[in-house]
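Residue numbers (mature numbering (1 follows the signal peptide of the UniProt record, and there is no 0)): -28 to -1, 1 to 546. Just so you know, even glycine gets a beta-carbon here, dropped at the ideal spot from N, CA and C. If you're wondering where the values come from, they're calculated on a predicted model, not measured in any experiment.
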Amino acid sequence: MVNKNMNFLFQTVLLSAILCLCLKSSIAELQRFQHSVKEDGSLRVMVVGDWGRKGTYNQSEVAFQMGIVGEKLDIDFVISTGDNFYEDGLTGVDDPAFEESFTKIYTAPSLQKQWYNVLGNHDYRGDVEAQLSPVLKKLDSRWICLRSFIVDTEFIFVDTTPFADQYFTDPEDHVYDWRGISRRKDYLSNLLKDVDSALKESTAKWKFVVGHHTMKSAGHHGNTVEIIKQLLPILEANNVDLYINGHDHLLQHISSLDSPIQFLTSGGGSKAWRGDVNYLDPKEMKFFYDGQAELQRLKYQLSKVDDHGSLLSFLVVGDWGRRGLYNQSKVALQMGLVGEKLDIDFVISTGDNFYEDGLTGVDDPAFKESFSNIYTAPSLQKQWFSEMVDFIFVDTTPFVNEYFTNPKNHTYDWRGVLPRENYLQNLLKGFESALRQSQAKWKIVVGHHTIKSAGHHGITKELEEQLLPILKANISLIFLVDNHVDLYVNGHDHCLEHISDTESQIQFLTSGGGSKAWRGDIKWWKPEELKLYYDGQGFMSVQLSEVEANIVFYDVFGHVLHKWKLSKELDSDV
């Protein structure tokens, strides 16, 4: 909207809007982002992990090959599996390690795509808030890092507060800053015209409107009469799919009997109102939860197609942020090449994004030095992280007891994690709920730490005990069918590894060769399960259709080390 009132759409603090835009972790259950895909409907992604070493330990070499492969694949984005900056993450947003281990390393044109990053334990040793800060995205637009999240679509954000009469007629003891809204009638009239115009002009397949206030709710505040009368008719006339709001401190899904609009409340960011629920027609109420959750949902629109239907491609990389050292730059180069070849859709980072101690703050130069200046290939300028696939990103570092009981000489930034028991409990509940509600054909879980590995770190007992049982078996609440996870993707061990579990259908994939590797550091593993173990630098790519998953591991020179194909039956109409 070009109207002078456009800026007013974003002035009020909208809880749902914040949840959709904020790059930090929150404890809202769902968060949705738009990611553009190719005109042919395809999506290709690159994955790399454990990389940030300022180019040493073959990080630069791996980056080089990533650029080559990224170009060949024409990737859409890159995934980092963590340990992005060694040894102790970033000291702040101005830490030069960001540029030295990322921006200046992954410079291949094919790697200039969005990077989706998760945190590793090394990242927690530094300033975690620096890696999560939007300041780094300003330094390098490719950078997105969240704690825990799930990866269509046009969003229109509406300033709903000025609609509510009570803030003007009965403000109680509160003082509202109405600067810019003093002529309220004109403001609302122009705003409604702008919203109507934007929706009418939109050619998007999906239309989502986001506002703070509830339209339909069984919660404490209930229905907001003013926006039902003034805004809802516009949404219905323009075939809006979802109205997303906060205001009521709960999680809620209402499916209206009067229109196809789905009303979603995600207001459980902190204080919740337990038991404060009003009656609503059971035919409309699909979900009501008066607590908090830990996961965020990002929906990714698929437009690439092949003989099997929609196609998704991405890269995974982890443990990388070393200012181009330890071959980070070379890995970035190869990521760019593979990303271009595969035409990737996004990148997943598995954590440890800035070595050694994360970021010191949002102005830490390490963000550019280890990310923006490193992953410069055009194919990597994608989001760093559909209905066909659900990605669930899990913050695994807080599960590991030793970081709390025996941190050695390291200092971890546990802001947002304490009290730990509550954090993990809510995370596991949100994680299991997301899997049970998922209708995706493929389910991929990404975390920094290993669950199964023959590498240096080996098995992470805490994840094996608490997370693995949830991965193995989940029953869909909607279809009552087996809803197990297909892939668990991680970093942490500085190697490339594929373990095919004989006790489940899960494939355990380690992509932690973003920079420094640990040669010869391998433990015995059952030969029938260990499909690949490579103790050098490299990364991984994944291509998904409705019926096939093709997994490829590459070394620092771009050579293919290992290929694996998974197949699924194509659903048929009954």
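Supposed close pair residue i, residue j - CB separation, criterion 8 Å
{"i": "VAL41", "j": "TYR526", "result": "6 Å"}
{"i": "ASP99", "j": "ASP385", "result": "6 Å"}
{"i": "THR133", "j": "TYR139", "result": "7 Å"}
{"i": "THR422", "j": "ASP367", "result": "That pair is no contact at about 15 Å."}
{"i": "ALA338", "j": "LEU62", "result": "4 Å"}
{"i": "VAL372", "j": "GLU437", "result": "Actually they do not touch by this definition, with Cβ atoms about 12 Å apart."}
{"i": "GLY293", "j": "LYS85", "result": "Going by Cβ atoms, the distance from GLY293 to LYS85 rounds to 17 Å, so no, they are not a contact pair."}
{"i": "GLY296", "j": "GLY39", "result": "Not confirmed; about 13 Å, so no contact."}
{"i": "SER52", "j": "VAL319", "result": "7 Å"}
Alpha-carbon spacing of residue i relative to residue j, whole angstroms
{"i": "HIS531", "j": "VAL524", "result": "10 Å"}
{"i": "SER539", "j": "PHE511", "result": "22 Å"}
{"i": "GLU469", "j": "ALA489", "result": "12 Å"}
{"i": "GLY486", "j": "THR432", "result": "20 Å"}
{"i": "ILE122", "j": "ASN378", "result": "With a pLDDT of 33 at ILE122, under the threshold of 50, the modelled position of this residue cannot be trusted, and the question is left open."}
{"i": "PHE529", "j": "GLU33", "result": "7 Å"}
{"i": "LYS172", "j": "GLU256", "result": "27 Å"}
{"i": "TYR327", "j": "GLY64", "result": "12 Å"}
{"i": "HIS534", "j": "ILE316", "result": "19 Å"}
{"i": "GLY218", "j": "MET187", "result": "10 Å"}
{"i": "TYR88", "j": "ASP473", "result": "27 Å"}
{"i": "ALA304", "j": "ASP48", "result": "14 Å"}
{"i": "HIS420", "j": "ASP145", "result": "48 Å"}
{"i": "LYS157", "j": "GLY191", "result": "28 Å"}
{"i": "CYS467", "j": "VAL212", "result": "47 Å"}
{"i": "GLU475", "j": "ALA406", "result": "23 Å"}
{"i": "TYR58", "j": "ASP335", "result": "18 Å"}
{"i": "LYS179", "j": "ASP137", "result": "27 Å"}
{"i": "LEU252", "j": "LEU207", "result": "21 Å"}
{"i": "ILE226", "j": "GLN409", "result": "16 Å"}
{"i": "ALA445", "j": "ALA412", "result": "15 Å"}
{"i": "LYS380", "j": "ASP60", "result": "12 Å"}
{"i": "ILE116", "j": "SER321", "result": "9 Å"}
{"i": "TRP536", "j": "SER228", "result": "45 Å"}
{"i": "ILE494", "j": "GLU500", "result": "16 Å"}
{"i": "ILE199", "j": "HIS185", "result": "8 Å"}
{"i": "LEU164", "j": "LYS110", "result": "32 Å"}
{"i": "GLU520", "j": "ASP329", "result": "39 Å"}
{"i": "ALA80", "j": "GLU43", "result": "8 Å"}
{"i": "GLY333", "j": "PRO232", "result": "44 Å"}
{"i": "MET18", "j": "VAL181", "result": "31 Å"}
{"i": "HIS429", "j": "THR237", "result": "41 Å"}
{"i": "LEU160", "j": "THR196", "result": "15 Å"}
{"i": "THR348", "j": "VAL50", "result": "11 Å"}
Run of the beta strand (DSSP E) containing residue i, from where it starts to where it stops
{"i": "SER472", "result": "468 to 472"}
{"i": "ASN462", "result": "459 to 462"}
{"i": "SER539", "result": "532 to 539"}
{"i": "GLU328", "result": "327 to 330"}
{"i": "ALA69", "result": "Unbroken run through ALA69 is the alpha helix (DSSP H), 69 to 73; no beta strand (DSSP E)."}
{"i": "GLN86", "result": "86 to 89"}
{"i": "ILE116", "result": "115 to 117"}
{"i": "ILE226", "result": "223 to 227"}
{"i": "GLN479", "result": "479 to 483"}
{"i": "LEU108", "result": "No beta strand (DSSP E) holds LEU108; the alpha helix (DSSP H) holding it covers 106 to 111."}
{"i": "ASN217", "result": "214 to 217"}
Residue j beta carbon less than 9 Å from that of residue i
{"i": "ASN30", "j": "GLN103", "result": "no"}
{"i": "ILE416", "j": "PHE363", "result": "yes"}
{"i": "VAL235", "j": "SER189", "result": "Reading off the sequence shown, one finds Phe at residue 235, where the question assumed Val. Contact flag set, yes."}
{"i": "GLN300", "j": "SER113", "result": "no"}
{"i": "TYR460", "j": "VAL514", "result": "no"}
{"i": "LEU440", "j": "ASN462", "result": "no"}
{"i": "PHE286", "j": "ARG16", "result": "yes"}
{"i": "LEU283", "j": "SER517", "result": "yes"}
{"i": "ILE471", "j": "VAL457", "result": "no"}
{"i": "VAL107", "j": "GLY183", "result": "no"}
{"i": "GLN306", "j": "PHE135", "result": "no"}
The alpha helix (DSSP H) enclosing residue i, as first and last residue numbers
{"i": "SER161", "result": "156 to 173"}
{"i": "MET512", "result": "Segment 510 to 516 is the beta strand (DSSP E) holding MET512; no alpha helix (DSSP H) there."}
{"i": "TYR395", "result": "392 to 409"}
{"i": "VAL41", "result": "31 to 45"}
{"i": "PHE135", "result": "Per DSSP, PHE135 belongs to no alpha helix (DSSP H) and is neither H nor E."}
{"i": "TYR375", "result": "374 to 377"}
{"i": "ILE200", "result": "197 to 202"}
{"i": "VAL524", "result": "Not the alpha helix (DSSP H): VAL524 falls in the beta strand (DSSP E), residues 520 to 527."}
{"i": "GLY308", "result": "301 to 314"}
{"i": "LEU435", "result": "433 to 438"}
Interface flag, residue i vs chain D, CB-CB below 9 Å
{"i": "ASP527", "result": "Protein chains in the displayed structure number just one, and chain D is not present."}
| message | Whether or not the stretch 376 to 390 and the stretch 398 to 418 are in contact is what I'm after, with contact meaning three or more pairs of Cβ atoms, one per stretch, closer than 8 Å; do they touch? | response | Contact between the stretch 398 to 418 and the stretch 376 to 390 is absent: fewer than 3 CB-CB pairs across the two stretches fall below 8 Å.
| task | Flag this pair as touching only if the stretch 334 to 343 and the stretch 71 to 81 have three or more C-beta atom pairs under 8 Å; answer yes or no. | result | Yes: the two stretches touch, three or more of their Cβ pairs being nearer than 8 Å.
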